[in-house]
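Undergrad:
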Amino acid sequence: MTSSTRVKISRTSVRSEFVKRVNEISGENILACYQCGRCSAGCPLTFAMKDLPNQVIRMVQLGLEEDALASKTIWVCASCLTCHARCPRGVDLSKVMEALRAIKLRPGTGDRLRLEKMSKETLARLPQQALVSGLRKLTG
Amino acid sequence: MEIGYFPGCTLKTKATGLDDSVKDTARVLGHELIEIPDWTCCGATFSLAADNVMALAAPVRILANARKVGDKVVTVCAGCYNVLKRANYAVRHDEEKLKKITDFIEAEYVGDVTVLHYLEFLKNEVGFDAIAKLVKRNLGELKVVPYYGCQMLRPHKELMFDDPEAPMMMDELLRAIGCNVLEFPHKVECCGAFLTVCTDPSARAGSAAGSGAAEAGSEAGVEDVARGAVSECSFTILDAAVRRGADMVVLTCPLCQFNLDSAQEEIQKQRSNFKKIPIVYFTQLLALALGLDGSKYALDAKHHYVDPSEVLKAKVTA
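Going line by line, the protein sequences match chains A and B.
First residue of the first sequence: 7, per the numbering used here; consecutive thereafter.
First residue of the second sequence: 329, per the numbering used here; consecutive thereafter.
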């Protein structure tokens, strides 16, 4: 989704199961966000993102399920919580990103990390903390 | 005085220098850190999904075991601190969750353990002034920048550790032991954390060798998306430290240590004029300052990509 894309917003998409699900898993009220953009201004990983964090939130607010779940931003987020610390509306974006990852990972078919495909050298090199948190974040 | 201690998984494997220097420095300061019984990995990252109760089982079990030793538990890994403290906060504020978990792990726990970072322990139970009086070596020539990262600071509401945007606790300790502490605006910036697992192309989920690039469309694996993220984040932090004239970056998290240290290999490949800088734990400098045998705390080329031993040899004097 870019700023010039035309999107069709309907009552059904805005009140869809998807929006409810994101609210439920994240425990956040996504509609509290008024799109000021402070999250994106402070995010240390925007250099690796096509969609900025506030744009992903907008996709969810509008019920654009496919766009939100296909955005690579949800996999670039490192859960550093800088966005949450600076949000004037108290929205914890890291939880929204986690909810979107959970929707992709929970069916058990979308793992983003496979230890068996990693080289022995890499596995030996990485600290345990990285492997455990990587598995928690990137597999269902 | 004896106090419960939770080392965490990485301190028993990759970060033994951190584990050893914590226990030895505590002993010199008159405290015995007792490893809590039957501890396991805390999960390394706190689950951000509100409905994921299972992820609280490991940290709550650790807290219940810590309670057997006393009403306080000390930890030094920023990841463990974050997980234990957030899990504690979660069960303290949700009776139903607490009951569900304690029933499941078959343990008694009512949320009454206080989780302390070793820095908080040193400040509140020992006192930085008292530590300053026990300094045996001169670290005055050593220019350091303290780096706090994310995990011990955010979210502030749950962790309540220092000022989340401008923490000073590590600065104060390093100053107390005689280091030349420099101002560092990047001290709360993220190093890329667990995205470091994405640096190996062979780890790309579901891709056979060679087909990875062709699939890099809408369903690209995280490795394609986040590769280079850690070296880019680390470069921003390290470059700022070098420009300020620092001899080393000082921190407390084994994952930050790994990322900031090992990323320098990749950074050097891309930026030939990049100047390397060693990354050490604050407890390693504390051990040196207190007169302990520096050779015992992994301050060498075997445990670092950028060897800290030369600059320490040149700048730390008896």
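All residues carry an ideal CB built from backbone N, CA and C; glycine is no exception.
Should B/Gly358 be labelled buried (16 or more other beta-carbon atoms within 10 Å of its own) or exposed?
TA: Within the second sequence, numbered from 1, the residue matching residue 358 of chain B stands at position 30. In summary, B/Gly358 is exposed, with fewer than 16 beta-carbon neighbours lying within 10 Å of its beta-carbon over all protein chains present.
Undergrad: Does B/Glu543 come out as helix, strand or coil in the three-state DSSP assignment?
TA: In the second sequence, counting from the first residue as 1, residue 543 of chain B sits at position 215. At B/Glu543, the pLDDT of 39 sits below 50, so the modelled position is not reliable; the number obtained from the coordinates is stated separately. Note: B/Glu543 maps to helix in three-state DSSP.
Undergrad: DSSP three-state label for B/Gly538, please.
TA: Mapped onto the second sequence, residue 538 of chain B falls at position 210. Residue placement at B/Gly538 cannot be trusted, given a pLDDT of 38 that sits under 50; the coordinates are not used to answer.
Undergrad: Beta-carbon separation of B/Val438 and B/Val388 under 8 Å?
TA: The sequence position of residue 438 of chain B within the second sequence is 110, counting from 1. The sequence position of residue 388 of chain B within the second sequence is 60, counting from 1. No, the pair does not count as a contact, with Cβ atoms beyond the cut-off.
Undergrad: B/His421 to B/Gln598, Cα distance in whole Å?
TA: For this step, residue 421 of chain B is matched to residue 93 along the second sequence. For this step, residue 598 of chain B is matched to residue 270 along the second sequence. Each residue's alpha carbon lies about 48 Å from the other.
Undergrad: B/Val525 touches chain A at which residues, Cβ-Cβ below 7 Å?
TA: By 1-based counting over the second sequence, the position of residue 525 of chain B is 197. Simply Leu119, Leu132, Ala136, Leu137 and Gly140.
Undergrad: Any idea if A/Cys42 is buried or exposed, counting beta-carbon neighbours within 10 angstroms, 16 or more meaning buried?
TA: Residue mapping note: residue 42 of chain A aligns to position 36 of the first sequence, counting from 1. Exposed: under 16 other Cβ atoms inside 10 Å.
Undergrad: Is B/Gly371 close to chain A? Criterion is C-beta to C-beta, closer than 8 Å.
TA: Taking the first residue of the second sequence as 1, we reach residue 371 of chain B at position 43. It does: the Cβ of B/Gly371 has a partner Cβ on chain A nearer than 8 Å.
Undergrad: Residues of chain A with CB closer than 8 Å to the CB of B/His484, please, in chain order.
TA: Locating residue 484 of chain B in the second sequence gives position 156, where the first residue counts as 1. Going along chain A in sequence order, the residues near B/His484 (Cβ under 8 Å) are Ala91.
Undergrad: Shorter than 8 Å from the beta carbon of A/Ile15 to some beta carbon of chain B?
TA: Numbered from 1 along the first sequence, position 9 holds the residue referred to as residue 15 of chain A. No, A/Ile15 does not count as interfacial toward chain B.
Undergrad: Going by DSSP, what residues sit across from B/Leu588 in a beta bridge?
TA: On the second sequence, residue 588 of chain B is found 260 positions in, with the first residue counted as 1. Partner(s): none; B/Leu588 has no beta bridge.
Undergrad: Report the three-state DSSP secondary structure of B/Lys471 (helix, strand or coil).
TA: For the purposes of this step, residue 471 of chain B is identified with residue 143 of the second sequence, where counting begins at 1. B/Lys471: strand per DSSP, three-state reduction.
Undergrad: Check B/Asn508 in the structure and name its three-state DSSP category.
TA: Working through the second sequence from its first residue, we reach residue 508 of chain B at position 180. Looking at B/Asn508 - three-state DSSP - the assignment turns out to be strand.
Undergrad: Taking only three categories from DSSP, how would you classify B/Asn416?
TA: Taking the first residue of the second sequence as position 1, residue 416 of chain B is located at position 88. If DSSP states are grouped into helix, strand and coil, B/Asn416 belongs with the helices.
Undergrad: What is the DSSP secondary structure of B/His631, counted as helix, strand or coil?
TA: For the purposes of this step, residue 631 of chain B is taken as the residue at position 303 of the second sequence. B/His631: coil per DSSP, three-state reduction.
Undergrad: Would DSSP call B/Lys400 helix, strand or coil?
TA: Stepping through the second sequence from its first residue, residue 400 of chain B is reached at position 72. If DSSP states are grouped into helix, strand and coil, B/Lys400 belongs with the strands.
Undergrad: Could you name the residues of the stretch 44-65 of chain A whose beta carbon sits closer than 7 Å to any beta carbon of chain B, in the order they occur along the chain?
TA: Within the stretch 44-65 of chain A, the qualifying residues are Pro50, Leu51, Phe53 and Ala54.
Undergrad: In chain A, which residues lie less than 8 Å from B/Glu560 when you measure between Cβ atoms?
TA: Here residue 560 of chain B corresponds to residue number 232 of the second sequence, with the count starting at 1. Under the 8 Å cutoff, chain A gives Phe53 and Ala54.
Undergrad: Go through its chain and collect everything with a Cβ distance to A/Gly114's Cβ below 8 Å, but skip five positions before and after it.
TA: As a first step, residue 114 of chain A must be located in the first sequence, where it is residue number 108. Hits under 8 Å: Gly146.
Undergrad: Does the distance from the C-beta atom of A/Val66 to that of A/Val28 stay below 8 Å?
TA: Indexing the first sequence from 1 puts residue 66 of chain A at position 60. Indexing the first sequence from 1 puts residue 28 of chain A at position 22. Taking 8 Å as the Cβ cut-off, A/Val66 and A/Val28 qualify as a contacting pair.
Undergrad: Among the residues of its own chain, which have a CB less than 6 Å from the CB of B/Ala557, if the five just before and after it don't count?
TA: On the second sequence, residue 557 of chain B is found 229 positions in, with the first residue counted as 1. Gly520 and Leu523.
Undergrad: Of all Cβ atoms in chain B, is any one closer than 8 Å to the Cβ of A/Gly33?
TA: By one-based count along the first sequence, residue 33 of chain A stands at place 27. So, interface residue.
Undergrad: State the DSSP-derived secondary structure class of B/Val411, mapped to helix, strand or coil.
TA: As a position in the second sequence, residue 411 of chain B is number 83, starting the count at 1. Correct three-state label for B/Val411: helix.
Undergrad: Just reading off the beta strand (DSSP E) that B/Gly647 is part of, what are its end residues?
TA: Nothing about residue 647 of chain B can be reported from this structure: the residues present for chain B run from 329 to 646 only.
Undergrad: Out of B/Thr442, B/Arg465, B/Gly506 and B/Asn410, point me to the one whose CA is closest to B/Asp687's CA.
TA: The shown model of chain B, from 329 to 646, leaves out residue 687 of chain B, and the question about it has no answer.
Undergrad: DSSP on A/Ile15, reduced to helix/strand/coil?
TA: On the first sequence, residue 15 of chain A is found 9 positions in, with the first residue counted as 1. Secondary structure at A/Ile15: coil, using DSSP grouped into helix, strand and coil.
Undergrad: Using DSSP's beta-bridge definition, name the partner residues of B/Val441.
TA: Counted from its first residue, the second sequence places residue 441 of chain B at position 113. Answer is none; B/Val441 lacks a bridge partner.
Undergrad: Taking A/Ala54 as the reference, which of A/Trp81, A/Lys101 and A/Gly140 has the closest Cα?
TA: Looking up residue 54 of chain A in the first sequence gives position 48. It is A/Trp81.
Undergrad: Quick one: does B/Pro582 have its CB under 8 Å from some CB of chain A?
TA: Position 254 of the second sequence, counted from the start, is the residue given in the question as residue 582 of chain B. Interface residue, yes.
Undergrad: Which bits of chain B does A/Leu37 rub up against, with CB to CB less than 9 Å?
TA: The sequence position of residue 37 of chain A within the first sequence is 31, counting from 1. Going along chain B, no residue has its Cβ under 9 Å from A/Leu37, so there is no contact; the nearest lies around 17 Å.
Undergrad: Among the candidates B/Asn601, B/Glu453 and B/Leu501, whose CA atom is the shortest distance from the CA of B/Val472?
TA: On the second sequence, position 144 is the one that residue 472 of chain B refers to. Nearest of B/Asn601, B/Glu453 and B/Leu501 to B/Val472, Cα basis: B/Leu501.
Undergrad: I need the boundaries of the beta strand (DSSP E) containing B/Ile390, first residue and last residue.
TA: Residue mapping note: residue 390 of chain B aligns to position 62 of the second sequence, counting from 1. Not the beta strand (DSSP E): B/Ile390 falls in the alpha helix (DSSP H), residues Ala385 to Arg395.
Undergrad: Can you list, in chain order, the residues of its chain whose CB lies under 7 Å from that of A/Lys110, leaving out five sequence neighbours each side?
TA: Here residue 110 of chain A refers to the residue found at position 104 of the first sequence. Closer than 7 Å at Cβ, skipping near neighbours: Leu75 and Gly116.
Undergrad: From B/Ser546 to B/Val570, what distance separates their C-alpha atoms?
TA: As a position in the second sequence, residue 546 of chain B is number 218, starting the count at 1. As a position in the second sequence, residue 570 of chain B is number 242, starting the count at 1. Residue confidence for B/Ser546 is low, a pLDDT of 32 falling below 50, so the modelled location carries little weight and cannot support an answer.
Undergrad: Residues in its own chain within less than 8 Å of B/Ile565 by CB, not counting five upstream and five downstream?
TA: On the second sequence, residue 565 of chain B is found 237 positions in, with the first residue counted as 1. Here the set comprises Tyr475, His514, Glu517, Cys519, Val577 and Leu588.
Undergrad: Is any beta-carbon of chain A found at less than 8 Å from that of B/Ala557?
TA: Counted from its first residue, the second sequence places residue 557 of chain B at position 229. Interface residue, yes.
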